[in-house]
Each structure stands twice: as C-alpha cells, then as structure tokens.
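Trainee: So the sequence shown is numbered by our numbering: it starts at -10 and just counts up by one. All C-beta atoms, glycine included, are put in the ideal place defined by N, C-alpha and C.
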Amino acid sequence: MSRATISLPRSVAAHAILITYTVIALFPVFLILINSFKARRSIFGAPMAPPTPETFDLVGYRMVLTQGDFLTYFQNSFVVTVASLFFVLLFGAMAAFALSEYRFRGNRLMGLYLALGIMIPIRLGTVAILQMMVASGLVNTLTALVLVYTAQGLPLAIFILTEFMSGVSDDLKNAGRIDGLSEYRIFFRLVLPLVRPAMATVAVFTMIPIWNDLWFPLILAPSEATKTVTLGAQMFIGQYVTNWNAVLAALSLAILPVLVLYLVFSRQLIRGITSGAVK
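Structure, rendered in structure tokens:
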C-alpha cells in the first residue's frame, strides 16, 4: 500500500508535466491552424478565438494556390526529403552494420569521427559547400540539397543504428552465414527487419529538420523551379507588409506531411525511443 501511495503522486506529477509540455508544444501549431481559416481583421482582432461563420475565410489558401506555385514548392520539398531519407537510412544502416559487425584497426576511432558530425553544425561549412556546388555546377538543383541533407543526417543515423545493430544476435547472423547467405542478404533480410524501430526513429528525426530547413534552400536552390515549401512561404513576407493569411495557410499545408509521418511511424518511433532508453 505504501509503495502504491508513493507512486501515485509521482505518476500524477509526471503526467501533469508531460501534458503541460504537450500543450505548450502544440499551442503554436493550433494557433497557426485556426488563424489560417480566418480573415485578416479577425487574425489581429481575436487571434486566440477559433473561426466562426462570420470570421471564416479561405482567402489565404486561395492566394497560396493561385498566386504562388505552391504545388511545385511542395513537390520539391517532397522529392528532396524522400531522396535524402532514402540515402541517409541506406548508407547510415550500412555504415552502422560495418562498425558493429566487423572488427578492424581504427573501428572505434572511425565511429568517433562519424559521431563528431552530430556536435558540429553543418552550417559552419556553408561557404565551402557553396563553393563545391558552384564548381560542380549543382547550384539551383535539387541534387545539391539532397547531397547536403544526406551528409547532415548520416552522423545521427550511424550513431543510433550502430547501438541497435550491436544488440542483434550473433547466432542469428552466423546461422545465416552457415546457410550460405551473403553479407548483403544477412544485412537486408535478417538485420534490417530487426532494427525497424530504430530506422523509424532516425527517419522522423531526420525528416523534420530537412522539411523545415530554410538556410540551404535559400543559398543553394533559390530559383523559382527549385524552391521548397519553407522558402516559398517567404514570398508572402515583405519588408513593410506581410500577408499573414497566405503565410499561415502555407505553414498549415507544410505541417501536414510531418503529422502524417508521425501518425504512420508513431508506434515504431515509440518502440525505438524506449528501446534506446533501456539500452
């Protein structure tokens, strides 16, 4: 009884803290969504109030879909994000498998060197990256963004997946070798299915910075044909006048893919985070 009595206040306090944090984190998203369906005067007059039949207005969405080529921006962001995620997960998983499975001179040093990418922001090398892209003729191309985001996401992916792959049973992999499976088949057929929660965790943590990034699209791909969603939303923000209806509508549409990804991978994400916590 005493333990149950002691644990109940702790549980209530923990849930209260988590609920408070959730409300604080979701409040800006809620504010953006409700104001995107309101007229400009209502946004400034009552920003906290939900839209009513009198204040409801889709002028922001109409402006985004007609004035700007938002569908192209959305397509560019989708292509860059999916391609970057594919390469981050593929190369990150392969590097993690090599570091966790094979023992060679400099193994730990190589892992530490790759982990340094987590601590050093890639934006510090913006000038050098821009020079390389100019020399390679990749400025104003989606390829430049994919290369940069792949390099940006690999350190975290390798760091997380290495820990999970180290926990895969050696007996299972050795049984596959005895059955004549190649290292590639062991990797794709035996190891990858067992680390799906970790892959989902890496995918979520990698996608959000890529989708929301404004820095590299502005520097490497600012042309109209290669603009991303976040960069396209800037066209409605002026020095003196800002079209808040269009900005809020664009941001609301940009939020949707992140929400869909979380809903799809939420179970795997939670399993990956809790497994990492146990480790």
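1. Are the CB atoms of Ala133 and Phe26 within a distance shorter than 9 Å?
2. Express the C-alpha separation of Gly106 and Leu131 in angstroms, rounding to a whole number.
3. Kindly list the residues whose CB is nearer than 6 Å to the CB of Arg(-1), restricted to its own chain and excluding five residues on each side of it in sequence; keep chain order.
4. Which residue wins for smallest C-alpha separation from Ala235, given the options Met37, Asp58, Arg166, Leu119?
5. Just to confirm my understanding: we take Ala239, look at its own chain, exclude 5 residues before and 5 after, and list those with CB closer than 6 Å. What are they?
6. When you compare only the Cα positions, how much space is there between Ala266 and Gly100?
7. What number of angstroms, rounded off, separates the C-alpha of Val123 from the C-alpha of Thr215?
8. Does Thr231 come out as helix, strand or coil in the three-state DSSP assignment?
9. So, using beta-carbon positions, are Leu145 and Val191 closer together than 9 Å?
10. Return the chain-ordered list of same chain residues with a C-beta closer than 7 Å to the C-beta of Asn96, the five sequence neighbours on each side being excluded.
11. Between Phe67 and Pro186, is the Cβ-Cβ spacing less than 9 Å?
12. Let me know if Val180 comes out buried or exposed under the rule of 16 or more other beta-carbons within 10 Å of its beta-carbon.
13. For Phe45, write down the residues that DSSP places opposite it in a beta bridge.
14. What's the gap between the Cα of Glu273 and the Cα of Gly165?
15. Would Phe63 and Ala243 qualify as a contact pair, given that the criterion is a beta-carbon distance under 9 Å?
16. Helix, strand or coil for Ile109 per DSSP?
17. In this structure, what does DSSP give as the bridge partners for Ile226?
18. Residues in its own chain within less than 6 Å of Asn129 by CB, not counting five upstream and five downstream?
19. If you count every other CB in all the chains shown that lies within 10 Å of the CB of Ala84, and 16 or more means buried, which is it?
20. Determine the burial state of Tyr102: buried for a count of at least 16 other Cβ atoms within 10 Å of its Cβ, exposed for fewer.
21. Is it buried or exposed for Phe225, if we count other Cβ within 10 angstroms and need 16 for buried?
22. Please state if the CB of Leu78 and the CB of Thr195 are separated by a distance shorter than 9 Å.
23. Between Ser(-4) and His4, what straight-line distance do the alpha-carbon atoms span, to the nearest angstrom?
24. Pull up the distance between the alpha-carbon of Lys268 and that of Leu183, whole angstroms please.
25. Rounded to whole angstroms, what's the CA-CA distance from Trp200 to Ile8? Just pull it up for me.
26. Where do the ends of the alpha helix (DSSP H) carrying Ile208 lie?
27. Let me know if Phe153 comes out buried or exposed under the rule of 16 or more other beta-carbons within 10 Å of its beta-carbon.
28. From what residue to what residue does the alpha helix (DSSP H) around Asn129 run?
Mentor: Based on what the coordinates show:
1. Cβ distance not < 9 Å, so Phe26 and Ala133 don't count as in contact.
2. Between the alpha carbons of Leu131 and Gly106 lies a gap of roughly 23 Å.
3. So no residue of the chain qualifies.
4. Distances from the alpha-carbon of Ala235 to those of Met37, Asp58, Arg166, Leu119 put Asp58 closest.
5. Here the set comprises Val53, Ala222.
6. With a pLDDT of only 44 at Ala266, under 50, the local geometry of the prediction cannot be trusted, and the value read off the model is given with reservation. The straight-line gap from Cα to Cα measures roughly 20 Å.
7. Straight-line spacing of the CA atoms in Val123 and Thr215 works out to 16 Å.
8. Residue state for Thr231 is assigned as strand, using DSSP reduced to three classes.
9. In this structure, Val191 lies closer than 9 Å to Leu145 by Cβ.
10. The beta carbon of Asn96 is closer than 7 Å to those of Leu88 in its chain, skipping five residues each way along the sequence.
11. Cβ atoms of Phe67 and Pro186: not closer than 9 Å.
12. Looking at its Cβ environment, which holds 16 or more other Cβ atoms inside 10 Å, Val180 is buried.
13. Partner(s): Lys27.
14. Nothing can be reported for residue 273, as the shown portion of the chain is limited to -10 through 268.
15. For Phe63 and Ala243, yes; Cβs fall inside 9 Å.
16. The answer is coil: DSSP assigns Ile109 none of H, G, I, E or B.
17. Here Ile226 is bridged, per DSSP, to Thr231.
18. So the qualifying residues of the chain are Ala210, Ser212, Thr215.
19. That one is buried.
20. By the 10 Å Cβ count, Tyr102 comes out exposed.
21. Counting the other CB atoms within 10 Å of its CB gives Phe225 a total of 16 or more, which places it among the buried residues.
22. Yes.
23. Each residue's Cα considered, the two are about 12 Å apart.
24. Note that Lys268 has pLDDT 49, beneath the 50 cutoff, so the model's placement of it is unreliable and the number below is only indicative. Distance between the alpha carbons of Lys268 and Leu183: 15 Å.
25. C-alpha separation (whole angstroms): 26 Å.
26. 204 to 209 is the extent of the alpha helix (DSSP H) around Ile208.
27. Phe153 is buried by the Cβ-count criterion.
28. Careful: Asn129 lies outside any alpha helix (DSSP H) and carries neither H nor E.
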